[in-house]
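**Q** Numbering (the numbering used here), first residue to last: 21 to 221. Backbone N, C-alpha and C define an ideal beta-carbon position, used for all residues, glycine too. Bear in mind that the values here come from a model prediction, so they are computed numbers and not experimental data. One structure coming up, written as structure tokens, with questions to follow.
Shown next, in the form of structure tokens:
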């Protein structure tokens with residue numbers, strides 16, 4: 021049973037020079053606008069730390085949420101993609117900020133959130149291709165599974181993933197799959213730091 025994470029602080033970056041320095045392991049959270057990134061982060065944290073909204077495109081910054089489990093690490097919430105009702109200037113600003121962040125190669129893992137009802141849309145496929153060129157591996161996390169009858173989960177997952185990748189099926193509404201994901205992430209951070217079993221000070 022994974023222990024509860026302790027939330028320590030949040031750092032918000034709207035500009036490249038506001039990105040925090042290197043230091044702690046970073047796990048990015050990426051996905052289409054309104055896929056449920058903030059809701060999943062809040063469920064993992066067991067408290068409301070990320071602003072969720074019914075309005076797509078609400079996240080306009082990179083938000084670093086610092087947690088302590090066995091080790092300290094960041095969950096990094098990136099702006100959602102695939103939402104057209106923002107200005108071209110805003111989208112260019114997001115693109116520049118995200119590319120600057122990704123060029124740092126500071127992430128140890130990317131979580132690609134995909135709406136379980138729709139599977140991989142064109143923009144999701146484009147992100148998969150882009151992430152495949154990044155240094156860190158990617159894990160797909162399907163969201164909003166409560167919208168699909170549980171009896172259909174296995175067939176949908178098999179169709180989407182074709183048995184070729186690690187994926188989690190989650191619901192921020194019911195908590196389904198969240199403990200498994202939390203346990204996986206804590207183990208992943210531990211392994212990235214050598215898995216020596218020691219607590220950080």
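1. Please report the distance separating the alpha-carbon of residue 219 from that of residue 43.
2. Which one of 153, 116, 177, 169 has the shortest CA to CA distance from residue 139?
3. Any idea if residue 172 is buried or exposed, counting beta-carbon neighbours within 10 angstroms, 16 or more meaning buried?
4. When the Cα atoms are used, what is the spatial distance from residue 88 to residue 24?
5. Give the secondary structure of residue 143 by DSSP, where H, G and I count as helix, E and B as strand, and everything else as coil.
6. Between which two residues does the beta strand (DSSP E) carrying residue 62 extend?
7. Could you tell me which of 100, 49, 86 sits nearest to residue 26, measuring between CA atoms?
8. Rounded to whole angstroms, how far is the Cβ of residue 204 from the Cβ of residue 162, which I believe are closer than 8 Å?
9. Where residue 118 and residue 49 are concerned, what is the direct C-alpha to C-alpha distance, given to the nearest angstrom?
10. Please list, in chain order, all residues of the same chain as residue 61 whose beta carbon is under 8 Å from its beta carbon, the five residues on each side excluded.
11. Using alpha carbons as the reference points, say which of 160, 191, 155, 158 lies closest to residue 169.
12. Quick one: grab the DSSP three-state call for residue 148.
13. Around the Cβ of residue 99, are there at least 16 other Cβ atoms within 10 angstroms (buried) or fewer (exposed)?
14. If you draw a straight line from the C-alpha of residue 196 to the C-alpha of residue 167, how long is it?
15. Taking residue 156 as the reference, which of 116, 208, 53 has the closest Cα?
16. Going by C-alpha to C-alpha distance, which of 158, 38, 47, 51 sits closest to residue 127?
17. In the DSSP assignment, what residue or residues form a beta bridge with residue 48?
18. Taking the alpha carbon of residue 57 as the point to measure from, which residue in 149, 164, 142 has its own alpha carbon closest?
19. I need the DSSP call for residue 125, collapsed to helix, strand or coil.
20. Hey, how far is the Cα of residue 91 from the Cα of residue 112?
21. Using the rule of at least 16 other Cβ atoms within 10 Å of the residue's Cβ for burial, across every protein chain shown, is residue 142 buried or exposed?
**A** In terms of the structure at hand:
1. By one-based count along the chain shown, residue 219 stands at place 199. By one-based count along the chain shown, residue 43 stands at place 23. Note that residue 219 has pLDDT 48, beneath the 50 cutoff, so the model's placement of it is unreliable and the number below is only indicative. Answer to the nearest angstrom: the Cα atoms are 16 Å apart.
2. Counted from its first residue, the chain shown places residue 139 at position 119. Checked all of 153, 116, 177, 169; the closest Cα to residue 139 is 177.
3. In the chain shown, residue 172 corresponds to position 152, counting from 1. Burial call: exposed.
4. As a first step, residue 88 is located in the chain shown; it is residue number 68 there, counting from the start. As a first step, residue 24 is located in the chain shown; it is residue number 4 there, counting from the start. Rounded to whole angstroms, residue 88 to residue 24 spans 9 Å at the Cα level.
5. The residue labelled residue 143 in the question sits at position 123 within the chain shown. Looking at residue 143 - three-state DSSP - the assignment turns out to be helix.
6. The residue given as residue 62 occupies position 42 in the chain shown. Where residue 62 is concerned, there is no enclosing beta strand (DSSP E), although the alpha helix (DSSP H) around it starts and stops at 57 to 65.
7. On the chain shown, position 6 is the one that residue 26 refers to. The option with the nearest alpha carbon to residue 26 is 86.
8. In the chain shown, counting from the first residue as 1, residue 204 sits at position 184. In the chain shown, counting from the first residue as 1, residue 162 sits at position 142. About 14 Å separates the two Cβ atoms, so there is no contact after all.
9. Translated into the one-based positions of the chain shown, residue 118 becomes position 98. Translated into the one-based positions of the chain shown, residue 49 becomes position 29. Distance from the CA atom of residue 118 to the CA atom of residue 49, rounded to whole angstroms, is 12 Å.
10. In the chain shown, residue 61 corresponds to position 41, counting from 1. If the five residues before and after residue 61 are omitted, its C-beta is found closer than 8 Å to the C-beta atoms of 49, 69, 70, 85, 95, 97, all from its own chain and listed in chain order.
11. Taking the first residue of the chain shown as position 1, residue 169 is located at position 149. Ranking the options by Cα distance to residue 169, first place goes to 191.
12. Position 128 of the chain shown holds residue 148. Correct three-state label for residue 148: helix.
13. Your numbering for residue 99 matches position 79 in the chain shown. Counting Cβ neighbours within 10 Å, residue 99 comes out buried, since at least 16 surround it.
14. Here residue 196 refers to the residue found at position 176 of the chain shown. Here residue 167 refers to the residue found at position 147 of the chain shown. Going by the C-alpha atoms only, they are around 12 Å apart.
15. Along the chain shown, read from residue 1 onward, the residue named residue 156 stands at position 136. Distance from the Cα of residue 156 is smallest, within the candidate group 116, 208, 53, for 208.
16. On the chain shown, position 107 is the one that residue 127 refers to. That would be 47, whose Cα lies nearest to the Cα of residue 127.
17. Counting from 1 along the chain shown, the entry for residue 48 is found at position 28. DSSP, once it has assigned bridges, lists 96, 130 as partnering residue 48.
18. Position 37 of the chain shown, counting from 1, holds the residue named residue 57. It is 164.
19. For this step, residue 125 is matched to residue 105 along the chain shown. If DSSP states are grouped into helix, strand and coil, residue 125 belongs with coil.
20. For the purposes of this step, residue 91 is taken as the residue at position 71 of the chain shown. For the purposes of this step, residue 112 is taken as the residue at position 92 of the chain shown. One C-alpha to the other measures close to 35 Å.
21. Here the question's residue 142 lines up with position 122 in the chain shown. The Cβ neighbour count for residue 142, taken over all protein chains shown within 10 Å, is under 16; the residue is labelled exposed.
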